[in-house]
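Novice: So in numbering that gives the first Met the number 0, spot 14 of the sequence shown is number 13, and the numbers just go up one at a time.
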Amino acid sequence: MMERLKNRWIALPGNFRGILWITLGTLAFALNDVLIKLLGKKFGPMELAFCRYSIGLLILSPIFIRLGWSELKTSRPAIHLTRLVIACISQLGVFYSVIHLYLADATAIAFSRPLFTTIVAVLLLSELVTTRRWIATGLGFIGVLIMVRPGHSGFDPVALIALISACTFAIANVLIRMMASTEPPNRILFYYHAGGSLVFVIPTIILWQTPIGSEWFLLAGIGIMTTIGMTGFIRAFSAGEANAVGPMEYVRLIYAVILGYSIFGEVTDYWTFTGAFIIIVSTIYIARDEARNRNRDR
């Protein structure tokens, strides 16, 4: 039975399998945001971050144990440490913004990450960017301004934290590119999860509030949902082409709107939808332009 299902799964077109995987991944991340928002009433971002890293480390530990220290040992500790610090700052910003903003707003602002990645890649990797891609990036930031609305009565300062988080996330991603030639994915994951657990363990001990009842399961759910989400994304881009699979990431906004309304009574305004639409169109164009350039260089 299982073998028959496996064969049917493999027989599906790669792009279709990739779309299914990324749909699962985005749903897991959206549910993770719900857990963060629910737990954020009692637990702070540092405690939630510790649970996210430590439970993720526990789930992935069989892979790390199988690889052994010889495969996990790195000759580039400085860049791992730099990425860890930046990624931890980004993670705290994500948790804080999810707790205090509407789910749809926090999700839509997070979509600006590719815009920041374009700029960071030019600064750190000296990547060449086409004029059309710069225009798309500029339009994307106009979408950000429409959502954030600085100087407007509806402006929420927490949106700036979400933007800083998106920027630091982009820096952390570009650092992965810088490590890619010598550091395999599992090694990067190991230092990311082990390091994150160490960074947040002392603040968690100091700030710790003992969970009661279902809170234990919700805290465990953060690590589980994040790991499922990461697995979904990795398998999605392994199975299908980035051009076909990547745009499906934006289904996450639909999940955020539905979950935000049904669980928290959040009603997303037209500013968020308008800004998000501009950002999504811009980032899809950037992704396609990058893919075209990569194919041209081969």
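The C-beta atom is built at its ideal place from N, Cα and C for all residues, glycine as well.
#1: Helix, strand or coil: how does DSSP classify K41 here?
#2: Tell me whether the beta-carbon of C87 lies closer than 8 Å to the beta-carbon of G222.
#3: For L66 and M224, I'd like the C-alpha separation in whole angstroms.
#4: Tell me which residues share the same chain as F272 and place their Cβ nearer than 6 Å to its Cβ, disregarding the 5 neighbours each side in the sequence.
#5: Should N172 be labelled buried (16 or more other beta-carbon atoms within 10 Å of its own) or exposed?
#6: Let me know the secondary structure DSSP gives F94 once reduced to three states.
#7: Nearest-angstrom Cα distance between L258 and R7?
#8: Between which two residues does the alpha helix (DSSP H) carrying K72 extend?
#9: Which residue wins for smallest C-alpha separation from P202, given the options K41, T226, E46 and R3?
#10: So, A301 versus D32, is the Cβ gap smaller than 8 Å?
#11: Going by beta-carbon coordinates alone, are S111 and L59 separated by less than 8 Å?
#12: What's the C-alpha gap between A135 and T129?
#13: I need the boundaries of the alpha helix (DSSP H) containing D104, first residue and last residue.
Specialist: Taking the definition as stated:
#1: coil
#2: no
#3: 24 Å
#4: none
#5: buried
#6: helix
#7: 32 Å
#8: Careful: K72 lies outside any alpha helix (DSSP H) and carries neither H nor E.
#9: E46
#10: A question about residue 301 goes unanswered here, because the residues of the chain that appear run from 0 up to 297.
#11: no
#12: 10 Å
#13: L102 to A109
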